[in-house]
Each structure stands twice: as C-alpha cells, then as structure tokens.
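> Residue numbers (the UniProt record's numbering), protein chains in the order written: chain A, 1 to 660; chain B, 1 to 660.
This is the structure, below, for whatever I ask next.
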C-alpha cells in the first residue's frame with residue numbers, strides 16, 4: 001500500500017500526491033495551492049447530470065444493464081426490475097412462510113372490522129371496504145418492494161374521499177352515482193400514482209415536510225374520532241361537514257333526545273377494553289397480539305350480545321346487511337367521459353397523493369428499521385397498479401396504512417406475502433361469513449376506529465418538533481388547525497403552502513456571519529458560536545451560508561456592507577488600523593446565478609469607492625466557473641481568490657499593519 | 001495595540017485570546033478546541049431576530065431613534081424619515097440646481113412625444129399621458145430617495161394596462177367607463193405599492209430574478225414595437241391581441257390595401273434619424289443630447305411638414321386634438337364599489353407590481369453607479385403615494401422608467417428636483433402648446449416609441465447569462481417566449497412560476513461532494529475540483545452543500561449512502577482497509593429541520609448496521625443547537641463531533657490503519 005497512512009510525521013516529500021496519507025501535524029505550505037477550476041463539462045453532460053440527479057436520486061436503474069452483455073440476462077433483469085417478487089420469491093422458504101402466515105392472520109382479524117368502519121367514513125356500503133382488503137393485497141406483493149406494508153382501506157384517505165365525493169354527489173339520494181364517482185376517483189388515483197412512479201417524479205411528495213405530516217395526521221385523527229361520535233352516541237341527525245365546530249354543534253343539538261344510552265354503554269365499555277389492550281400491547285411487546293386481536297374479539301362478543309338481547313330493537317344501530325360474495329367487476333361503472341370524469345380525476349389526484357405520502361412514509365420507516373432498501377418509484381408504480389386494478393373490481397382507494405403495517409411487522413411478517421394470507425382470509429369472510437355481521441352494532445365499529453386513529457396523534461413528535469425547531473412547529477400547528485377548524489382539503493392546501501413558503505423564505509434570507517480566528521490555528525469560525533475567536537485588525541471576514549440566487553443576492557450584498565460598517569466602527573473604537581480588506585468566505589456558497597454575480601460586482605464597486613479590497617476565499621466548483629465566465633475574476637484580480645481564509649489573511653494582513 | 005498582528009511566528013502563549021493576531025505558520029493545537037454551542041437565545045429573541053432580518057434587511061430605521069433622547073429631535077428625525085427632501089433640500093445649492101435644470105429640460109423634450117405615444121398604448125387620450133408627467137413628478141421628489149429616477153408613463157406598464165383594461169371594457173365603445181377603470185386601477189396600484197413599502201414587504205419583488213426581467217423586458221419591447229407597426233404602416237384595422245402571431249396576421253392581411261406609403265415614408269425616415277442619433281449618442285457620450293432631443297426635433301419637423309403639405313388629407317393619421325389645460329380632478333371617477341372596483345383592484349395590483357419592479361431595478365442601478373443608498377421601502381411608499389395622487393388627478397400608472405432616467409442621469413441631474421423642472425415644462429405645454437400638436441403624425445410617435453423600446457432588448461445581457469448560467473438562460477427564454485407568443489400577463493405569470501420552480505428545484509437536490517486531502521496540509525477539498533487530492537484509507541469524507549430541509553433530507557441521506565458504496569468499491573479495488581468511518585462535513589449546512597435530523601438518524605442506523613462510525617465535522621450554530629435538542633449528539637457520542645475534517649482524520653484515522 002504505497003503512500004498509505006503514516007502514524008508519525010516523517011517522510012513528507014512532494015511525491016505522494018497519487019497515494020494517500022494523513023496530513024502531518026505541521027502544515028506549512030497550503031499557500032502553494034491555488035483555487036482550482038473543475039474540468040469544464042459540456043452543456044449536454046451538465047444538463048443530463050442535473051436531470052439524472054433529480055429523477056434518479058438514489059439509484060440508477062440502467063447501471064446494472066451496462067455491465068450485463070447477454071440479451072437473455074438483460075431480459076431477466078428487466079423482468080426482475082418490473083416484478084420484485086421474482087427476486088425475493090426465489091429465496092422464499094418455509095420458515096419465512098410461517099412468519100407471513102401468522103402475521104397475515106393477525107392483520108386479517110384487525111382489518112375486517114376496520115374495513116367495515118372505514119367504508120362508512122367514505123359513505124360507501126360495508127362490503128366495499130372488505131373488497132379493498134381482498135384484491136389490492138393480491139396485487140401489491142407482485143410489484144412492491146416493502147416487506148412490511150399491509151394494504152387496504154385507510155382512515156384518513158377514506159375520510160378525505162368521503163368528504164370530497166359528497167361535495168359532488170349526495171351519497172344517500174344517489175348511491176349508485178356516488179359509487180361510480182368513487183370508482184372513477186380510485187381509477188385516477190391509481191393512474192396518478194403509477195404515472196408519478198413511471199416518470200420518476202417521486203420527489204414531488206418530498207415537498208410535504210415531516211412536521212406538516214405530523215400536524216395533518218393529528219388533525220385528521222381528531223376529525224375522524226369526532227365523526228365516530230355519531231355511531232358512539234347513537235345520533236341519527238349528523239352534520240356532513242368535518243370541521244370541529246359543525247360537529248360539536250351537531251352533537252350538542254342532539255344531546256337532549258338524540259343520544260341512545262344503550263349504544264353509549266356498549267361503545268364505551270368496548271372502547272375501554274380496546275384502549276386497555278392497546279396499552280398492554282405497548283408496554284409489553286410480547287402481548288401485542290392482544291391489541292391486534294382485540295377488535296375482532298370485540299366484534300364477536302358485541303354481535304353475540306346484541307343478538308341475545310335484541311338491543312337493535314332498543315335503538316342500537318347495527319350493520320344489518322353485508323352483501324355476500326367476492327368483488328363484482330366495476331369497469332363499466334367508471335366515468336370515462338363527461339363532467340364526472342373531470343371531477344373524479346381531481347378527487348383521484350388528491351386522494352392518490354395522500355395515499356401515496358402515507359404509504360411511502362410508513363414504508364420508509366419500516367425499511368429503515370429492518371435495513372432494507374425501499375425503491376420509492378417502484379412503490380408508486382405498485383400502489384398505482386393496485387388502485388387501478390382495485391377500481392375495476394369495486395374497491396375504493398387503498399394504501400399501506402401505519403396501524404395495519406405496524407401490526408403486520410410486529411406479528412413477524414417476513415415478506416409481502418402476508419398480504420396474500422390476509423387476502424385469503426378476507427376472501428373466505430366474503431364468501432361465507434358476512435351474514436354473521438348482521439347484528440354487529442355500529443357503535444363497536446366507532447370504538448374500533450377511535451382506538452385506531454388515536455395512534456395517529458403523535459403528541460410526542462409534536463413536542464419534539466417544538467423543542468428542536470420552532471418554525472417547523474408552526475408548520476405542524478398550521479396543518480393541524482387547518483384540518484381541525486376548516487376541512488381536510490383546506491388542511492392539505494395549507495400544508496403544501498406553508499411548506500413552500502418556508503423554502504422561499506429561507507431562500508430569501510440566507511445567514512451571514514462574521515468570522516474570527518481561533519487563536520494559534522489557521523481556522524476561522526463564526527464569532528457568535530465561538531466567542532473566544534480573535535479579530536484580525538484591518539480585516540473583516542464574512543461568511544455567507546447558502547447559495548446566492550436572485551432571491552437573496554441583494555440582501556447578501558447589503559448585509560455584507562452592514563457587517564462592514566458595524567465592524568469598522570467597532571475596530572475604530574479599539575484603535576485598530578483602517579479596514580482595508582473584506583474577505584468573503586464562499587465555502588458554503590454551493591451555487592450562484594447571474595443576479596448573485598451582479599450583486600458581487602456591486603459589492604466590489606461599493607468597496608472600491610471606500611478603498612477596501614474584496615477577497616474571496618474557497619469558492620466551490622460551480623461558483624468559480626461562473627465567476628470566471630462572467631469575468632468577475634478578471635475584475636477583482638486573480639490574486640484575490642484564495643484557497644482558505646487563513647491563506648488570505650497570511651497574504652494580505654501584514655500589509656494592513658505596515659500601513660499603520 | 002495588545003496582541004495585534006505579529007509578522008513572525010514567535011510568542012505563542014495561550015493568553016492572547018482577547019486580543020487578535022495572525023495565526024502562525026505552524027498550527028499544532030486545533031484539536032484542543034471543541035465545537036462550541038452558541039449562547040441559547042430566548043424564543044422571542046430568535047423570532048424577533050428572524051422577523052427583523054426579513055423586513056428590515058439592510059437598515060434598522062429605529063436605530064437612530066434609540067440614540068436620540070430629545071423629543072423634538074426625534075420628531076425632526078421622523079419628519080426627515082418620512083420626507084427625505086428635508087434632508088437633501090437643506091444642502092441644495094445653485095450648482096446643483098444648474099445640473100437639475102438642464103437635465104429637467106432635456107427629459108421634458110423627451111417625455112412630451114413619448115407620453116403622447118404611450119397613452120395610445122394604454123388606449124387613453126393623449127393629454128392623459130401628459131398629465132402623468134405633470135403631477136406625479138411633483139410628488140416623487142418629496143418622498144423618494146433616488147436622485148436619478150425620472151417619473152412619468154412608461155412603455156411596458158402602458159401596454160400591460162391597456163391590454164388588461166380592454167379585456168374588461170372596450171375603449172372605443174365606452175371611453176368614459178374605460179377611463180374610470182383606468183383611474184381605479186391606478187388608485188389601487190398606488191395603494192398596493194405604498195402598502196408593500198409600509199409593511200416592509202419589499203422583498204416580494206426580489207422573487208423576480210434578473211434573468212426573468214431581461215427576458216420579460218425583451219419580449220415586451222418586441223411586442224410594443226410590433227404594436228407600433230399600426231401607426232408606422234398607417235393600418236386602420238388592427239388586432240387587439242398583443243401576441244406576435246395575431247399581430248403578424250393583422251399586418252399581412254392589410255398588406256395589399258391597408259398600408260399608406262406616405263405614412264411609411266415619414267415614419268421610416270424619422271426612425272432612421274432617431275436610430276442614427278441614438279447610435280451617435282451611444283458612441284460618444286458627450287453627444288448624448290442629440291439622442292435626447294431628437295424625438296422633440298422629429299415631432300417639430302414632421303408636424304411642420306404635415307402642416308405644409310397637408311399630408312393628413314392623404315391618409316397620414318395625425319394626433320388631431322389634445323385637450324388644453326391642466327389635470328382635471330378625477331376622484332369622483334374612481335369606482336369605490338361594485339364589480340369594477342374588484343376588477344380595477346386586480347389590474348392595479350398587477351400593473352403596480354410591474355411598475356415597482358422597474359423603478360426599483362432602475363433606481364438601484366443608478367444608486368450603485370453613483371454610490372448612494374436607495375431605500376427600497378421608502379421608494380415603494382413614494383411611488384405609491386405618487387400613483388394615488390395621480391389617480392385623483394387624471395393620471396394613469398406612472399413610474400421611473402429606464403430610458404427616461406438614463407437620459408436624466410446623463411444630462412447631469414444632481415437631485416430629484418429635475419423632475420420638478422420637467423413637470424414645469426409639461427405644465428407650460430399643457431397650458432399653451434397643445435394646439436401645436438394638431439398636425440403631428442401618429443407615425444412619428446410610433447417611430448419614437450420603436451426607437452425607445454429597442455433599448456429594452458438587452459441581447460448582450462442575454463448572451464452573458466447564456467455563458468454564465470444555462471439554467472438562468474432558460475428562465476430568461478421562458479419569460480421572453482411567454483410574452484411574445486402569449487400575452488403580457490401570461491409572460492408575467494410564467495416569469496414568477498419559473499423563478500419559484502427554480503428555487504424549489506434547488507432546495508430539493510442540494511449538491512454533495514466527496515472530499516480528499518490536499519497533500520501536506522490539513523485542508524480537505526472537493527475531489528472533482530481538486531483532482532490531485534488524496535484519499536484517506538478506511539474513511540469516506542462527504543460534504544453537503546446546503547441546508548438540510550424536508551425537501552432534501554431523504555435525498556441527502558440516500559446520496560451519502562451512494563457515495564459510501566461507490567467509495568467502498570473503489571477503495572476495495574485499491575486494497576485499502578475496510579471503511580470504518582464516514583465523515584460528513586457540515587460547514588455549508590446552514591440549517592437543519594426535524595426532517596433533516598430524522599434523515600441523519602436514519603443514516604446513523606444504516607451505518608451502525610455496517611459497522612461504520614458517523615462523524616460530523618464543523619456543524620454551525622443552528623445545526624449544533626438543533627442536534628443537541630433532538631438528542632442526536634447523545635446518540636452518536638460527543639466525541640464524534642469534530643471541529644474540522646482534519647481533526648477528525650487525525651483522531652480516528654490511525655485506528656483504521658491499526659485494524660488492518
């Protein structure tokens with residue numbers, strides 16, 4: 001290993017440039033280096049590099065093809081690329097199946113009561129909820145890359161879909177048209193998701209910040225829980241709006257005669273049971289199966305109880321009828337033209353994006369925990385295909401929700417095959433067991449949903465955000481309040497708007513700082529962070545902390561001039577010599593545009609009038625190239641471009657002193 | 001001067017922390033420093049700091065009050081703050097007046113024909129154009145801080161206003177309502193401008209990038225020049241649209257019978273004269289007065305010529321009648337209620353913003369050239385007040401245009417008083433000279449406008465942008481094509497949209513780079529820019545080039561992992577030891593949010609599984625504070641936070657070698 005790390009500080013000749021070494025403790029000759037211009041790329045190369053970075057961020061799907069000369073092998077690679085199941089299916093073992101089988105049974109017991117409840121949120125018949133846990137979970141494992149996501153209807157998406165759809169069609173008066181629009185929206189949700197994946201536009205969902213998602217989910221959970229009060233309290237007349245004020249009014253108006261004590265008794269006792277098992281499951285990870293199976297147990301016990309006591313005759317609302325049989329085809333029900341197609345498209349895009357955000361966020365979390373790679377673009381195509389197929393088989397928008405996937409993961413799933421096990425159980429239920437739900441009280445479904453969505457309120461995360469970043473907390477709060485006090489769509493809009501505003505704001509006011517010298521080193525650091533750094537007399541050293549673009553160029557120029565004025569006054573009071581040099585540390589300036597260069601030129605002219613020389617330290621590759629093309633380096637002189645602040649000080653500082 | 005710069009390298013004791021010195025050439029003890037936590041600010045202080053930075057970027061208007069205890073002096077300061085004229089008026093001298101007087105006469109001779117022409121662009125009677133060069137230039141000098149801006153109607157704003165207004169009301173069928181809507185729009189344009197200044201929201205106009213302005217202005221100039229072909233060719237039937245395709249169609253349709261050769265002859269010969277003087281003025285700065293007075297000379301000569309030959313009887317269109325007398329009050333004409341108020345408001349906001357952008361950009365250019373300070377927020381209030389007063393005195397939106405201000409500056413204006421001189425000349429014209437314009441051919445006005453707007457096409461700047469920054473050029477081209485092929489409003493929208501998209505894109509994909517060691521130093525630099533840097537075996541050093549926010553957090557994590565994989569393979573090929581350390585250089589990471597910290601945690605976990613240690617070098621004040629609040633430092637261990645990359649390598653690299 002020639003020229004490798006030497007633990008001492010000997011043999012420092014200049015010949016080891018090709019090799020590699022740890023720098024010695026005494027470095028004398030950094031001034032022998034000059035700022036380097038990176039090799040100039042052709043326009044095409046530069047452009048294609050940027051495009052590749054945007055669309056193929058984490059991976060390059062074509063890379064493996066290049067290394068593979070044979071055509072048959074390339075075809076096999078392509079197939080594997082399209083159907084990840086071909087990869088993991090080959091290594092599938094009985095041991096893995098055991099894990100998947102148990103996990104599949106567990107999520108099936110959870111999903112059946114949830115699906116019936118969620119379909120109510122979407123104002124759709126209960127069997128449509130169950131359909132969504134039959135077909136889509138069969139499609140996903142073929143295409144998806146996550147091992148933990150469990151597919152099916154999800155609370156927030158159901159609520160959003162229900163609230164958007166009922167703006168267009170009344171689900172009570174026009175149930176068929178409503179259903180048709182729901183399938184249309186599902187179809188376009190799938191198309192949207194698949195298209196985003198296909199065109200590798202996955203980065204779009206990254207515009208939703210973590211904080212905004214926490215706030216939005218918390219708000220949605222409260223809204224959903226409030227909606228459940230209808231079933232929980234046995235209220236018949238309930239508002240169609242989702243905001244907290246309309247719902248509370250609706251509840252208080254019905255307080256005197258609209259509440260049903262039998263219903264409340266059943267709902268409250270089972271909610272207590274569910275929350276207790278949930279608490280136990282959280283405390284002792286081994287007992288998590290209690291919380292996973294508690295919903296099904298509640299359904300069985302309460303159904304039996306209602307059947308025995310005939311409580312449905314005392315005002316306890318029951319599910320009544322769930323249609324028997326598997327998903328009927330629904331391709332003919334989708335609007336492929338006319339105004340409803342457009343409406344369905346709009347609703348589908350919104351619901352599809354939300355479903356996508358949830359699934360990708362959840363998928364990433366578990367992939368991170370188990371350390372495997374989730375391919376965002378493939379996930380989108382998988383979810384999209386799943387929803388398109390779902391829309392043709394009477395399902396509404398499905399996705400990989402957090403609660404279900406967490407149970408799946410904790411129950412020990414090994415691959416996406418647990419979805420297939422769940423799907424099989426749901427198939428059997430649809431074929432043989434639906435009559436058993438006849439006496440299931442609606443109240444129990446409300447209790448199950450309430451206990452499920454309470455897990456979406458992540459107040460610990462909100463507190464964490466508050467402690468770490470106040471601005472982020474504002475974003476979180478804005479999204480939360482938007483959902484709770486207005487509507488789900490408004491909350492969504494607000495969440496996107498706040499996120500974008502935050503970026504724009506931060507692009508407008510980059511940070512600048514004054515630097516000082518760490519005594520006995522050539523290191524220069526922010527004087528606010530390191531109060532014991534020392535000033536170099538006759539010099540002002542300013543650091544700019546982000547790219548200089550048109551949004552910030554004018555601000556940066558003016559802020560630097562203000563630092564200069566402040567520092568001039570401070571140094572005058574200390575009887576330091578006249579300021580003659582302004583060093584701008586550009587390490588952190590990743591890029592600059594023509595407005596930025598323009599601002600630097602203005603800065604240079606303003607300094608020239610005051611007889612102060614402008615020195616730039618450590619410009620990066622893009623910056624130095626643009627400064628050269630713009631002839632800015634000619635303007636200020638090449639000797640004013642310095643490799644480090646330390647070099648610049650070493651080179652120019654003595655002059656400042658000689659002049660005193 | 002204790003502890004000041006020592007030119008040698010002696011007396012390095014630890015006691016000079018309070019003083020200041022140039023670092024010695026041999027620095028051995030940077031490892032004795034640790035990354036410092038900045039003093040924690042209270043929530044209020046942090047928030048008010050951010051607000052202050054956003055709204056009071058370059059100045060703090062309250063600063064001087066704090067230093068001024070007496071009430072009368074504070075009142076005087078406030079007055080001076082509101083009326084900058086009180087400041088510069090006190091030092092006004094006869095010498096300055098001489099300059100202002102000559103400049104005022106020069107711009108008056110330029111403005112009279114221009115105003116008549118511009119009012120045609122806005123589909124308003126010619127006297128309204130002249131009104132705009134009488135009242136507004138009297139208001140501006142009282143409030144404005146620019147010494148060079150010359151006020152009055154401006155080509156692009158006139159075109160925009162005309163095209164927006166005629167979408168609402170037909171100026172031929174309903175001239176009175178049209179005029180009323182124009183004054184309403186002017187009123188709200190003024191209110192918008194003043195409000196932006198009052199609430200210190202001036203940073204909003206910074207979202208329009210230099211490149212977008214160049215493109216937009218070039219496109220607008222072409223559109224305006226094309227519009228002038230109506231007068232230039234003597235066409236009677238002309239399209240109302242502004243896009244190039246409609247205009248060209250209109251011209252070719254009328255080619256056979258609609259063109260008037262006498263008109264073309266007059267127009268072409270005077271355009272030749274104007275362009276020739278413009279060329280001379282550009283070549284020899286001393287002869288600029290030729291180009292400044294050429295328009296008025298053209299008007300006089302051509303008017304006399306038409307009067308003698310009675311060419312108006314041969315189809316040469318003339319101005320005919322300009323109403324005599326000064327601005328009539330127009331407060332009663334403004335719509336303060338009803339649907340036209342809303343429309344006027346919308347149009348006013350758009351036109352007001354464009355007028356503002358132009359004036360501030362022009363004002364800044366000249367302030368930079370003469371090195372005085374332009375206060376953006378005061379400018380906005382001045383322009384706003386001027387337009388509100390203008391709307392009450394029969395003016396339409398006025399601003400400080402580039403052409404007029406350049407002539408003003410070159411003619412030697414010293415203060416804004418040249419505006420008052422110009423205004424006086426326009427007053428005399430309105431009172432006594434309007435009948436003289438009776439025989440002025442429209443064609444001459446077209447020639448004057450064409451020669452004026454040609455100066456707005458800055459192809460040199462466009463070429464410069466192309467050379468320096470390709471992405472910026474795309475923005476420029478987009479704005480240009482939007483205006484030329486669609487409409488002015490669409491071009492504006494496109495210009496804002498492209499600008500914002502550019503920021504968002506760059507916030508999504510920050511740059512990362514692999515660093516290597518400059519041999520014989522402790523400096524680490526980008527291996528792409530400095531190809532001769534050397535690798536440290538067993539270590540990967542990555543630098544992130546911008547703040548890590550939710551838009552980029554996931555990308556940054558995945559990109560770092562990809563660097564790691566690539567580098568692992570490369571080092572394996574070179575038989576270097578297994579990689580055990582990943583150093584992330586955070587100098588350039590100005591800020592991080594909760595999503596960013598989340599991504600770092602995921603990175604840490606992924607590295608943990610591969611038995612690689614994560615080291616962070618030089619986190620800035622905001623980053624270190626947030627990492628601490630989020631307990632990330634506890635997670636990775638405080639010894640993993642290093643002051644510089646060099647320190648980290650020195651501390652950890654030998655281990656990597658010992659393990660081989």
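Where is the CB? At the ideal position from N, CA and C, for every residue including glycine.
Keep in mind the model is a prediction, meaning the values are calculated, not measured.
What in chain B is Cβ-close to residue 483 (chain A), meaning under 9 angstroms?
Here the premise fails: no neighbours, minimum Cβ distance about 18 angstroms.
> Under 8 angstroms between beta-carbons, which chain B residues line up against residue 597 (chain A)? List them in chain order, please.
Within chain B, the residues near residue 597 (chain A) are 468.
> The stretch 361-377 of chain B: which residues have C-beta closer than 7 angstroms to a C-beta of chain A, in chain order?
Result list: 368, 371.
> What is the DSSP secondary structure of residue 338 (chain A), counted as helix, strand or coil?
Coil, per DSSP.
> Quick one: residues in its chain with C-beta nearer than 6 angstroms to the C-beta of residue 405 (chain B), no 5 flanking neighbours on either side, listed in chain order?
Closer than 6 angstroms at Cβ, skipping near neighbours: 148, 149, 150, 362.
> Alpha carbon to alpha carbon, how far is residue 598 (chain A) from residue 317 (chain B)?
If I take the Cα positions, the gap works out to 45 angstroms.
> Output yes if chain A places a C-beta closer than 8 angstroms to the C-beta of residue 661 (chain B); else output no.
Nothing about residue 661 (chain B) can be read from this structure; chain B reaches only from 1 to 660.
> Any beta-carbon of chain B closer than 8 angstroms to the one on residue 200 (chain A)?
So no, residue 200 (chain A) is outside the interface.
> Helix, strand or coil, according to DSSP, for residue 410 (chain B) in the structure here?
Note: residue 410 (chain B) maps to helix in three-state DSSP.
> Just checking: is the beta-carbon of residue 642 (chain A) within a distance shorter than 8 angstroms of some beta-carbon in chain B?
So no, residue 642 (chain A) is outside the interface.
> Could you check where the beta strand (DSSP E) with residue 525 (chain B) kicks off and where it finishes?
Residue 525 (chain B) -> beta strand (DSSP E) spans 524-526.
> Decide yes or no for the touch test of the stretch 190-200 of chain A against the stretch 377-391 of chain A: beta carbon pairs closer than 8 angstroms, at least 3 of them.
Yes, they touch.
> Are there 16 or more other CB atoms within 10 angstroms of the CB of residue 252 (chain A), so buried, or fewer, so exposed?
Label assigned to residue 252 (chain A): exposed.
> Given residue 168 (chain B), which residues of its chain have a CB within under 8 angstroms of its CB, disregarding the five upstream and five downstream residues?
For residue 168 (chain B), where only same-chain residues beyond five positions count, the Cβ hits under 8 angstroms are 181, 340, 343, 347.
> Just to make sure I have the definition right: I need the residues of chain B whose C-beta is within less than 7 angstroms of the C-beta of residue 490 (chain A). Which are they?
Correct list: empty, because the minimum Cβ distance to chain B is about 21 angstroms.
> Look up residue 14 (chain B) in the DSSP assignment and say whether it is helix, strand or coil.
Unreliable positioning characterises residue 14 (chain B) in this predicted model, as indicated by a pLDDT of 38, which lies under 50. A coordinate reading is not provided.
> Examine chain A for any beta-carbon lying closer than 8 angstroms to the beta-carbon of residue 44 (chain B), and answer yes or no.
Cβ-Cβ to chain A under 8 angstroms: no for residue 44 (chain B).
> Using the three-state DSSP reduction, which class does residue 175 (chain B) fall into: helix, strand or coil?
Three-state DSSP puts residue 175 (chain B) in a helix.
> Mapping the DSSP letters down to three states, classify residue 642 (chain A) as helix, strand or coil.
Looking at residue 642 (chain A) - three-state DSSP - the assignment turns out to be strand.
> Going by C-alpha distance, which of A:320, A:146, A:174 is nearest residue 400 (chain A)?
The shortest C-alpha separation from residue 400 (chain A) is found at A:146.
> Just confirm the distance between the C-beta atoms of residue 296 (chain A) and residue 112 (chain A), as a whole number of angstroms; I'd bet it's less than 8 angstroms.
With 8 angstroms as the limit, residue 296 (chain A) and residue 112 (chain A) qualify as a contact, their Cβ atoms being about 7 angstroms apart.
> Name the chain A residues that come within less than 9 angstroms of residue 495 (chain B), Cβ to Cβ?
Correct list: empty, because the minimum Cβ distance to chain A is about 11 angstroms.
> Shortest alpha-carbon distance to residue 664 (chain A) belongs to which of A:590, A:244, A:313, A:210?
This structure cannot speak to residue 664 (chain A), because chain A is shown only from 1 to 660.
> Tell me where the beta strand (DSSP E) around residue 468 (chain B) begins and ends.
Looking at the DSSP string, residue 468 (chain B) is not in any beta strand (DSSP E); the run it does join, the alpha helix (DSSP H), is 459-468.
> Distance cutoff 8 angstroms, beta carbons only. Does residue 112 (chain B) sit that close to anything in chain A?
Not an interface residue.
> Which chain B residues sit within Cβ distance under 7 angstroms of residue 602 (chain A)?
What residue 602 (chain A) touches in chain B: 368.
> With distance defined between alpha-carbon atoms, name the residue in B:588, B:174, B:279, B:601 nearest to residue 526 (chain A).
Looking at the Cα atoms, B:588 is the closest of the given residues.
> Quick one: which chain B residues come within Cβ less than 9 angstroms of residue 665 (chain A)?
With chain A covering 1 to 660 only, the question about residue 665 (chain A) has no answer from this structure.
> Going by DSSP in three states, residue 575 (chain A) sits in which element: helix, strand or coil?
Here residue 575 (chain A) sits in coil by DSSP.
> Can you check whether the C-beta of residue 626 (chain B) is within less than 8 angstroms of a C-beta belonging to chain A?
Yes - at least one Cβ of chain A is within 8 angstroms of the one on residue 626 (chain B).
> If we define contact as Cβ-Cβ less than 8 angstroms, is residue 463 (chain B) a contact residue for chain A?
So no, residue 463 (chain B) is outside the interface.
> On the three-pair Cβ rule with 8 angstroms, is the stretch 306-324 of chain B touching the stretch 482-492 of chain B?
No, they do not touch.
> From residue 192 (chain A) to residue 352 (chain A), what distance separates their C-alpha atoms?
Between residue 192 (chain A) and residue 352 (chain A), the C-alpha separation is close to 7 angstroms.
> Identify whether residue 548 (chain B) lies in helix, strand or coil by the three-state DSSP scheme.
Here residue 548 (chain B) sits in strand by DSSP.
> Is the separation between the beta-carbon of residue 298 (chain B) and that of residue 498 (chain B) shorter than 8 angstroms?
In this structure, residue 498 (chain B) does not lie closer than 8 angstroms to residue 298 (chain B) by Cβ.
> By Cβ distance below 6 angstroms, which residues in the same chain neighbour residue 646 (chain B) in space, the five residues on each side in sequence not counted?
Once the five neighbours on either side are set aside, the close Cβ partners of residue 646 (chain B) are 522.
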